[in-house]
Amino acid sequence: MTGDLATGGLMPLQVKNKSLLAKDIYSFELSRADGSDLPEFTAGSHIAVETPGGAMRHYSLSNDPQETHRYVLGIKVERNGRGGSLAMVDKVDEGDTVMVSPPMNEFELLPAPAYILVAGGIGITPIMSMARQLSRIGEVPFKIIYCTRNPEMTAFADELVKPAFDGKITTHHDQGDPAQAFDFWDTFATPGKAHVYCCGPTPLMEEIRGVTGHWPPSAIHFEDFGANKEQSRNDDKPFVVENSRTGKSYEIAPDQTIIEALRAAGEKPPTSCESGTCGTCKTSLIDGEADHRDLVLMGEEKSDYIMICVSRALDDKLVLSW
């Protein structure tokens, strides 16, 4: 597995600023009490935050990586989520201290001659970090396509209309109506040399995966921190997962994910989106045939890895290594 917090530990940071970005979306600025530099991060990074109550939740960094004195998070209140975002918004205030991990990045901005950045809803958070870096450097062309329900739910709206993003930003509001969804085909009909970075809800990423099917797979990158976990299927069957390093086995029920079973057994696998789209829970597949249900692994990777938040076994047993 990647991103194991045990290897990096947690550090106390102070909430220097908390503000409303858009409807149900808040910005949290975190820094050391003495203002000293933090561990460096790269555009697309996220950190794990210990929320009130002790749950660990992962949030993307929205600021320019050049800002080494602070981490700025964008957090959307998920009314039907697991409670982490509600606890952060309702119980964490300016001046409070929160425990966070060093930055991790499964969505890194790789060198490319151009970039197309696609965001949906709160998925704008890591995209903003990328856009701020690219705008500051000014050497590589990029454009942003930002889809939201309406203007009231559009974070960073004031900044995106500033001269730094003039001619680079397309904002689309669908009013919650699928019939009004943005038409991406004109953008991706002809494969180009640009790298595509997409962060948002699962339907958006499925759309981008579909319209970029004729593009080089290595040029398409996804991340999602939304609550879009795939539901169990009626034909899901129980299976066993064995840890090749310890020899310990775990029973996975039909209505249970591998991660849920590991948690129930006292394990602490690193996770983030739990929807098969961020790559945090990428685990080595040693033996057995996996039923891949993620949006991360490409081609030959599927024979060597599995995303244990959504994927299952086609056989009775999988041997994994973590």
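When the letters of the sequence shown are read in order and numbered with our numbering, they come out as residues 52 to 373.
We put the CB at the ideal spot given by N, CA and C, even for glycine.
As the structure is a prediction and not an experimental result, all values here were calculated from the model.
(1) Which runs of the beta strand (DSSP E) fall wholly inside the region 203-273 and span at least 3 residues, in chain order?
(2) Specify whether the region 128-140 and the region 154-161 touch according to this definition: at least 3 beta carbon pairs, one from each stretch, less than 8 Å apart.
(3) Indicate the three-state DSSP secondary structure (helix, strand or coil) for Q184 in the structure shown.
(4) Considering only DSSP beta bridges, list what S372 is partnered with.
(5) Considering only C-alpha positions, which residue in the set W236, D115, I271, R187 is nearest to L168?
(6) Can you tell me whether L369 is buried or exposed? The criterion is at least 16 other CB atoms within 10 Å of its CB, across all chains shown.
(7) Relative to the alpha-carbon of L72, which residue among V140, C329, D338, H265 has its alpha-carbon at the smallest distance?
(8) With distances taken from CA atoms, which of E274, K299, A304, T297 is nearest E288?
(9) Could you work out which residue in R314, I188, I195 is closest to C249 when comparing CA atoms only?
(10) Given this structure, state the Cα-to-Cα distance separating G218 from D345, to the nearest angstrom.
(11) What are the boundary residues of the alpha helix (DSSP H) that includes E118?
(12) Please list the segments of the beta strand (DSSP E) lying wholly inside the region 307-355, counting only runs of 3 or more residues, in order along the chain.
(13) Alpha carbon to alpha carbon, how far is R187 from K74?
(14) Going residue by residue through the region 130-199, where are the continuous alpha helix (DSSP H) segments of at least 4 residues, counting only ones entirely within it?
(15) Output needed for Y122: all residues of its chain with C-beta closer than 8 Å, excluding positions within five of it in sequence on either side, in chain order.
(16) Expressed to the nearest angstrom, what Euclidean distance is found between the alpha-carbon atoms of K299 and F290?
(17) So, is M181 buried or exposed, given that buried needs 16 or more other C-beta atoms within 10 angstroms?
(18) Compute the distance between the beta-carbons of G379 and V292, then report whether it is under 8 Å.
(19) Work out the CA separation of G264 and E274 for me, nearest whole Å.
(20) Rounded to whole angstroms, how far is the Cβ of A364 from the Cβ of G339, which I believe are closer than 8 Å?
(21) Using the beta-carbon count (16 or more within 10 Å), is V100 buried or exposed?
(22) Quick one: Cα of M358 to Cα of V347, how far?
(23) Under three-state DSSP, which class holds R83?
(24) Using only alpha-carbon positions, find the residue among T308, L124, A232, P202 that is nearest to D342.
(25) Cutting at 7 Å between CB atoms, please list the residues of its own chain near V262, excluding the five before and the five after it.
(26) Apart from the five residues on each side of it in sequence, which residues of its chain come closer than 6 Å, Cβ to Cβ, to G227?
(27) Kindly give me the distance between the Cβ atoms of D147 and V247, rounded to whole angstroms, as I take these residues to be in contact under 8 Å.
(28) Counting along the chain, where does the beta strand (DSSP E) carrying K288 start and finish?
(29) Is V361 helix, strand or coil when you go by DSSP?
(30) Determine the extent of the beta strand (DSSP E) in which N68 is found, giving its start and end residues.
(31) So, is E318 buried or exposed, given that buried needs 16 or more other C-beta atoms within 10 angstroms?
(32) Just curious, the beta strand (DSSP E) that G125 is in, first and last residue?
(33) At the level of alpha carbons, what is the spacing between K127 and S70?
Answer, in terms of the structure:
(1) 220-224, 246-250
(2) no
(3) Walking along the sequence shown from the start, residue 184 turns up at place 133. In this structure, Q184 counts as helix in the three-state DSSP scheme.
(4) Locating residue 372 in the sequence shown gives position 321, where the first residue counts as 1. According to DSSP, which records beta bridges pairwise, S372 is partnered with S335.
(5) Numbered from 1 along the sequence shown, position 117 holds the residue referred to as residue 168. The residue with the shortest Cα to Cα distance from L168 is I271.
(6) Within the sequence shown, residue 369 is the residue found at index 318, counting from 1. With 16 or more Cβ atoms within 10 Å of its Cβ, L369 is classed as buried.
(7) The residue given as residue 72 occupies position 21 in the sequence shown. Looking at the Cα atoms, V140 is the closest of the given residues.
(8) As a working note, residue 288 is residue 237 in the sequence shown. Residue identity differs from the one stated: residue 288 is Lys in this sequence, not Glu. Minimum Cα distance to K288 is reached at A304.
(9) On the sequence shown, position 198 is the one that residue 249 refers to. Answer by Cα proximity: I195.
(10) Working through the sequence shown from its first residue, we reach residue 218 at position 167. Working through the sequence shown from its first residue, we reach residue 345 at position 294. Cα to Cα, G218 sits roughly 34 Å from D345.
(11) Residue numbering aside, residue 118 sits at position 67 when the sequence shown is read from its first letter. First-last for E118: undefined, no H or E at that position.
(12) 333-338
(13) Taking the sequence shown and counting its residues from 1, the one referred to as residue 187 is at position 136. Taking the sequence shown and counting its residues from 1, the one referred to as residue 74 is at position 23. Rounded to the nearest angstrom, the two C-alpha atoms are 28 Å apart.
(14) 135-142, 175-188
(15) If you number the sequence shown from 1, residue 122 lands on position 71. Excluding positions up to five away in sequence, the list reads L64, E80, L81, S82, L89, F92, I98, L112, N114, V151, P154.
(16) The residue given as residue 299 occupies position 248 in the sequence shown. The residue given as residue 290 occupies position 239 in the sequence shown. Spanning the two alpha carbons is a distance of roughly 14 Å.
(17) Your numbering for residue 181 matches position 130 in the sequence shown. By the 10 Å Cβ count, M181 comes out buried.
(18) Any answer about residue 379 is impossible in this case: the structure gives the chain only from 52 up to 373.
(19) Start at 1 with the first residue of the sequence shown, and residue 274 comes out as number 223. Start at 1 with the first residue of the sequence shown, and residue 264 comes out as number 213. Distance between the alpha carbons of E274 and G264 is about 17 Å.
(20) The residue labelled residue 364 in the question sits at position 313 within the sequence shown. The residue labelled residue 339 in the question sits at position 288 within the sequence shown. Correct: roughly 6 Å between the Cβ atoms.
(21) Your numbering for residue 100 matches position 49 in the sequence shown. Result: buried.
(22) As a first step, residue 358 must be located in the sequence shown, where it is residue number 307. As a first step, residue 347 must be located in the sequence shown, where it is residue number 296. The straight-line gap from Cα to Cα measures roughly 8 Å.
(23) For this step, residue 83 is matched to residue 32 along the sequence shown. The answer is coil: DSSP assigns R83 none of H, G, I, E or B.
(24) Along the sequence shown, one-based indexing puts residue 342 at 291. Per the Cα distances, T308.
(25) Mapped onto the sequence shown, residue 262 falls at position 211. For V262, where only same-chain residues beyond five positions count, the Cβ hits under 7 Å are F235, W236, F239.
(26) Here residue 227 is taken as the residue at index 176 of the sequence shown, counted from 1. Around G227: R200.
(27) On the sequence shown, residue 147 is found 96 positions in, with the first residue counted as 1. On the sequence shown, residue 247 is found 196 positions in, with the first residue counted as 1. The Cβ separation is near 38 Å, so there is no contact.
(28) The count along the sequence shown starts at 1 and reaches residue 288 at position 237. Looking at the DSSP string, K288 is not in any beta strand (DSSP E), and its letter there is neither H nor E.
(29) Within the sequence shown, the letter at position 310 stands for residue 361. Coil, per DSSP.
(30) Along the sequence shown, read from residue 1 onward, the residue named residue 68 stands at position 17. Note, N68: beta strand (DSSP E), 62-73.
(31) Start at 1 with the first residue of the sequence shown, and residue 318 comes out as number 267. It is exposed - the Cβ of E318 has fewer than 16 other Cβ atoms within 10 Å.
(32) On the sequence shown, residue 125 is found 74 positions in, with the first residue counted as 1. Looking at the DSSP string, the run of the beta strand (DSSP E) that includes G125 is 122-127.
(33) Within the sequence shown, the letter at position 76 stands for residue 127. Within the sequence shown, the letter at position 19 stands for residue 70. Rounded to whole angstroms, K127 to S70 spans 12 Å at the Cα level.
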